[in-house]
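K.L.:
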Amino acid sequence: MRGKQANKQAMKQGSELAGLESQPIETSDEASLVSKGCFSTSVRPVRVAGLGAYVPEKVLTNADLEQMVDTTDEWIVTRTGIRERRIAAENEAASDLSLAAARRALEKAGVSPSSLDMIIVATVTGDMPFPATASIVQHALGAERAGAFDLSAGCTGFIYALAVGSSMVGVGVCDTVLVVGVDVLSKITNWKDRSTCVLFGDGAGAAVLKPGGEHSRFLAFDLGSDGGGADLLKIPAGGSRKPITVEAVQAGEQYIQMCGSEVFKFAVRIIVQATQSVLAKCGLKTTDIDAFVAHQANIRIIESAVARLGLPPEKVVVNVDRYGNTSSASIPIALEEAEREGKIRPGDLVVVVGFGAGLSWGAAALYW
Ligand code: UT7
11 MRGKQANKQA
21 MKQGSELAGL
31 ESQPIETSDE
41 ASLVSKGCFS
51 TSVRPVRVAG
61 LGAYVPEKVL
71 TNADLEQMVD
81 TTDEWIVTRT
91 GIRERRIAAE
101 NEAASDLSLA
111 AARRALEKAG
121 VSPSSLDMII
131 VATVTGDMPF
141 PATASIVQHA
151 LGAERAGAFD
161 LSAGCTGFIY
171 ALAVGSSMVG
181 VGVCDTVLVV
191 GVDVLSKITN
201 WKDRSTCVLF
211 GDGAGAAVLK
221 PGGEHSRFLA
231 FDLGSDGGGA
241 DLLKIPAGGS
251 RKPITVEAVQ
261 AGEQYIQMCG
271 SEVFKFAVRI
281 IVQATQSVLA
291 KCGLKTTDID
301 AFVAHQANIR
311 IIESAVARLG
321 LPPEKVVVNV
331 DRYGNTSSAS
341 IPIALEEAER
351 EGKIRPGDLV
361 VVVGFGAGLS
371 WGAAALYW
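Right, here's the structure in full:
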């Protein structure tokens with residue numbers, strides 16, 4: 011049994027298993043089944059239909075940090091490329107930043123919240139451990155038809171969320187998916203630890219995914235993980251391994267801890283590897299890339315990887331100087347800015363690469 015017949019049979023069995031009264035399927039047309047959220051027998055192209063970004067108003071400069079910890083503007087700029095970062099207000103949480111970015115992305119895509127089928131929020135700093143920040147965003151947007159869930163893959167979260175969202179649209183389970191990358195790292199940063207507090211900033215970026223076409227579509231993803239590096243970048247307390255206790259708080263274990271030099275070496279290696287791998291999957295070369303966006307953690311990481319890939323600087327998007335490392339938000343914020351400034355145009359081959367806690371990594375190649 012194949013094609014439409016199998017689809018009809020599967021739907022019938024599904025409703026019987028769910029204890030529903032078996033109803034005759036009114037149409038045998040696959041396009042119509044897919045429009046109702048049924049799996050397609052083929053994969054359709056998927057594109058980014060609109061981007062939005064939001065960063066909080068408050069700017070924290072390197073000069074400000076000089077007043078807080080034993081550091082200098084010179085050390086921060088030469089070691090990281092960061093000059094300033096944005097910091098959320100006390101009453102601003104991940105869902106607030108997400109909402110602002112999401113509204114801009116929906117407007118850009120010309121999509122109303124009520125058309126959304128799914129909302130995926132990639133974050134490690136959700137409003138609360140549960141419920142999902144995506145559900146809070148769904149309600150605030152008025153996206154009454156949408157499902158919602160959060161996804162945790164450290165700074166790689168946005169790439170993983172793109173892979174999941176585009177797959178859902180590709181197979182026809184959803185028509186329109188909102189993907190948000192958001193982090194409010196300032197709330198989990200130890201502001202007394204100079205080795206980490208100079209690095210991070212807050213922000214959100216969002217993308218609306220819809221069926222695409224030949225010249226505007228995702229081509230391939232390369233996703234990976236090495237949990238052997240889980241201890242290199244983590245928050246020790248607050249989970250089921252070590253619940254929050256007074257002792258844990260006194261030891262500062264509710265904050266980010268990182269072995270910076272190890273993560274640095276991993277990052278350079280993995281950006282090169284993931285980029286080459288995702289291009290090989292679609293039969294393309296680094297010389298075909300029109301725009302390259304890597305996770306904005308450190309200018310030296312980006313420059314080392316880009317030099318190994320042989321990419322010219324004019325194809326490389328950089329904004330780490332103004333926002334620092336915004337984790338899941340860094341790639342969509344950089345993409346939005348690059349598109350707005352005309353550095354990414356329709357039909358361009360764009361490669362995005364993320365890396366971070368897990369350790370995790372992910373790359374995507376797409377025609378814009
Ligand atoms: O989102 C993904 C996760 N994060 C990353 O991708 C970050 C990856 N790692 C990095 O970007 C870099 O490793 C850092 C920027 C974190 C550190 O740069 P580094 O060149 O690897 O420096 P280091 O950790 O080897 O430290 C060099 C020195 C040390 O002093 P000693 O031991 O040589 O006397 C540190 O104590 O710099 C000192 N140091 C600082 N000095 C002034 C560390 N932080 C600071 C600071 N200001 N803020």
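Quick note on the working numbering: the sequence shown kicks off at 11 and runs consecutively.
Note that beta-carbon positions come from the ideal geometry of N, C-alpha and C, so glycine has one too.
Just so it is clear, the structure is predicted and the values come from calculations on it, not from any experiment.
In three-state terms, what does DSSP make of residue 132?
P.N.:
Residue numbering aside, residue 132 sits at position 122 when the sequence shown is read from its first letter. Of the three classes helix, strand and coil, the one that applies to residue 132 here is strand, per DSSP.
K.L.:
Between residue 325 and residue 341, which are expected to be in contact by the criterion C-beta below 8 angstroms, what is the C-beta distance as a whole number of angstroms?
P.N.:
The sequence position of residue 325 within the sequence shown is 315, counting from 1. The sequence position of residue 341 within the sequence shown is 331, counting from 1. That belief does not hold up - the Cβ atoms of residue 325 and residue 341 are roughly 16 angstroms apart, past 8 angstroms.
K.L.:
Is residue 255 near the ligand UT7, with its Cβ less than 7 angstroms from a heavy atom?
P.N.:
Mapped onto the sequence shown, residue 255 falls at position 245. Every heavy atom of the ligand UT7 is 7 angstroms or more from the Cβ of residue 255, so no.
K.L.:
Distance, Cα to Cα, residue 378 vs residue 143?
P.N.:
Within the sequence shown, the letter at position 368 stands for residue 378. Within the sequence shown, the letter at position 133 stands for residue 143. Cα to Cα, residue 378 sits roughly 28 angstroms from residue 143.
K.L.:
Report back the beta-carbon spacing between residue 361 and residue 302 to the nearest angstrom; my notes put them in contact at under 8 angstroms.
P.N.:
Looking up residue 361 in the sequence shown gives position 351. Looking up residue 302 in the sequence shown gives position 292. Yes, residue 361 and residue 302 are in contact; Cβ-Cβ is about 5 angstroms, under 8 angstroms.
K.L.:
Nearest to residue 333 by alpha carbon, out of 42, 57, 93, 46?
P.N.:
Taking the first residue of the sequence shown as 1, we reach residue 333 at position 323. With distances taken between Cα atoms, residue 333 lies closest to 93.
K.L.:
Have a look at the DSSP bridge pairing and note the partners of residue 371.
P.N.:
In the sequence shown, counting from the first residue as 1, residue 371 sits at position 361. Answer is 234, 365.
K.L.:
Should the stretch 211-224 be called in touch with the stretch 253-263, which here means at least 3 C-beta pairs below 8 angstroms?
P.N.:
Flag = no, the stretch 211-224 and the stretch 253-263 do not touch.
K.L.:
Residue 141 by DSSP, collapsed to three states: which one?
P.N.:
Translated into positions along the sequence shown, residue 141 becomes position 131. Note: residue 141 maps to coil in three-state DSSP.
K.L.:
Cα separation between residue 130 and residue 366?
P.N.:
By one-based count along the sequence shown, residue 130 stands at place 120. By one-based count along the sequence shown, residue 366 stands at place 356. Whole-angstrom Cα-Cα distance: 19 angstroms.
K.L.:
Determine the DSSP secondary structure at residue 157, reduced to helix, strand or coil.
P.N.:
To locate residue 157, count along the sequence shown from 1; it is residue 147. Note: residue 157 maps to strand in three-state DSSP.
K.L.:
Just the Cα atoms here: how many angstroms apart are residue 314 and residue 278?
P.N.:
If you number the sequence shown from 1, residue 314 lands on position 304. If you number the sequence shown from 1, residue 278 lands on position 268. Their backbone Cα atoms lie some 6 angstroms apart in a straight line.
K.L.:
Cβ of residue 280 versus every heavy atom of the ligand UT7: is any distance shorter than 7 angstroms?
P.N.:
Locating residue 280 in the sequence shown gives position 270, where the first residue counts as 1. Answer for residue 280: no, Cβ out of range of the ligand UT7.
K.L.:
At the level of alpha carbons, what is the spacing between residue 189 and residue 132?
P.N.:
For the purposes of this step, residue 189 is taken as residue 179 along the sequence shown, with counting starting at 1. For the purposes of this step, residue 132 is taken as residue 122 along the sequence shown, with counting starting at 1. Computed Cα separation, rounded: 8 angstroms.
K.L.:
Expressed to the nearest angstrom, what Euclidean distance is found between the alpha-carbon atoms of residue 283 and residue 242?
P.N.:
Here residue 283 refers to the residue found at position 273 of the sequence shown. Here residue 242 refers to the residue found at position 232 of the sequence shown. Those two C-alpha atoms are separated by around 20 angstroms.
K.L.:
Is the Cβ-Cβ distance between residue 235 and residue 370 less than 8 angstroms?
P.N.:
The residue given as residue 235 occupies position 225 in the sequence shown. The residue given as residue 370 occupies position 360 in the sequence shown. Yes, these two residues count as a Cβ contact at 8 angstroms.
K.L.:
Within the present structure, is the beta-carbon of residue 81 separated from the nearest heavy atom of the ligand UT7 by less than 7 angstroms?
P.N.:
Residue numbering aside, residue 81 sits at position 71 when the sequence shown is read from its first letter. Yes - the ligand UT7 has a heavy atom lying nearer than 7 angstroms to the Cβ of residue 81.
K.L.:
With a CB to CB cut of under 7 angstroms and the five nearest residues on each side skipped, what residues in its chain are close to residue 244?
P.N.:
Walking along the sequence shown from the start, residue 244 turns up at place 234. The residues are 267, 367.
K.L.:
If you measure from the CB of residue 273, is any heavy atom of the ligand UT7 nearer than 7 angstroms?
P.N.:
Along the sequence shown, read from residue 1 onward, the residue named residue 273 stands at position 263. Yes.
K.L.:
Evaluate residue 176 with the Cβ neighbour count: other Cβ atoms within 10 Å of its Cβ, from every protein chain shown; 16 or more gives buried, anything less gives exposed.
P.N.:
For the purposes of this step, residue 176 is taken as residue 166 along the sequence shown, with counting starting at 1. Flag for residue 176 reads buried.
K.L.:
Are the stretch 83-102 and the stretch 190-197 touching, with three or more C-beta to C-beta distances below 8 angstroms?
P.N.:
Yes: at least three Cβ pairs fall under 8 angstroms.
K.L.:
Provide the residue(s) that pair with residue 309 in DSSP beta bridges, ordered along the chain.
P.N.:
Your numbering for residue 309 matches position 299 in the sequence shown. BP columns for residue 309 are empty, so no partner.
K.L.:
Would you call residue 155 buried or exposed, if buried means 16 or more other Cβ atoms sit within 10 Å of its Cβ?
P.N.:
Stepping through the sequence shown from its first residue, residue 155 is reached at position 145. So residue 155 counts as exposed.
K.L.:
Would you list the residues sitting across from residue 94 in a DSSP beta bridge?
P.N.:
Here the question's residue 94 lines up with position 84 in the sequence shown. 71, per the DSSP bridge assignment.
K.L.:
For residue 10 and residue 169, I'd like the C-alpha separation in whole angstroms.
P.N.:
This structure cannot settle anything about residue 10, because the visible part of the chain is limited to 11 through 378.
K.L.:
So residue 113 packs on residue 180, CB below 8 angstroms; how close in whole Å?
P.N.:
On the sequence shown, residue 113 is found 103 positions in, with the first residue counted as 1. On the sequence shown, residue 180 is found 170 positions in, with the first residue counted as 1. Rounded, the Cβ-Cβ distance is 25 angstroms, inconsistent with contact.
K.L.:
Are residue 111 and residue 59 close, meaning C-beta to C-beta below 8 angstroms?
P.N.:
Position 101 of the sequence shown, counted from the first residue, corresponds to residue 111. Position 49 of the sequence shown, counted from the first residue, corresponds to residue 59. Not a contact, by the Cβ cut-off of 8 angstroms.
K.L.:
Are the Cβ atoms of residue 123 and residue 104 separated by less than 8 angstroms?
P.N.:
Against the sequence shown, residue 123 aligns to sequence position 113. Against the sequence shown, residue 104 aligns to sequence position 94. It is not a contact, given that the beta carbons lie outside the stated cut-off.
K.L.:
Can you name, in chain order, every residue of its own chain whose Cβ lies under 6 angstroms from the Cβ of residue 231, other than the five neighbours on each side?
P.N.:
Your numbering for residue 231 matches position 221 in the sequence shown. Once the five neighbours on either side are set aside, the close Cβ partners of residue 231 are 173, 374.
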